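Participant: Just so you know, we're using my numbering here: the sequence shown kicks off at 2 and counts up by one.
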Amino acid sequence: MPTKIKELLFGPTPKQTVDEYADLVDLGPYEEVIEDEPAETYIRVAELSNLDGIPDLKKELYDGNIVIVDISLIKRDRLVLERALHDLQEVVSDVSGDIAGLGEDLVITTPTGIKIDRSRLGGNSSTIVM
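(1) Using three-state DSSP, classify D53 as helix, strand or coil.
(2) If contact is defined by three or more beta carbon pairs under 8 angstroms, each pair taking one atom from either stretch, is the segment 75–83 in contact with the segment 93–103?
(3) Applying the criterion that 16 or more other CB atoms from any shown protein chain within 10 Å of the CB defines a buried residue, is L80 buried or exposed?
(4) Could you work out which residue in G54, E33, K60 is closest to D71 when comparing CA atoms only?
(5) So what does DSSP say about G102, is it helix, strand or coil?
(6) Would you list the one or two residues that DSSP bridges to D71?
(7) Just the Cα atoms here: how many angstroms apart are A40 and P112?
Next comes the structure, spelled out in structure tokens:
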């Protein structure tokens, strides 16, 4: 539909500048760090490129932290991927935690006392697996 006809039917479309868009996605004011108070549990984010990173992930779980692992770099090597997931499942079992996939590239692991609810809020539940 030509632009002129659209404008006649629906009115002119407001134009957003790049600055306006940047203001919409800036979450800085909502972030708060309380440096003086230590936490019992941290959420750690890791990128796994080979099996050498597994011991660090295990340590975080044994320390009681939640770990979100980006497995996109090892997905092409089926053996490394299976070994890494097997190792993570073993440590999660050891600490009575939980493990689940988030989409295609992320795995979330939790320590003792934290379970992953596999139902999704406000959408389909097909992206949470394992």
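Ideal Cβ placement from N, Cα and C applies to all residues, glycine included.
Predicted model only: the values in this text are computed from it and were never measured.
Facilitator: Considering the structure as presented:
(1) helix
(2) Taking one beta carbon from each stretch, the segment 93–103 and the segment 75–83 have fewer than 3 pairs nearer than 8 angstroms; the two do not touch.
(3) exposed
(4) G54
(5) strand
(6) E48, L107
(7) 14 angstroms
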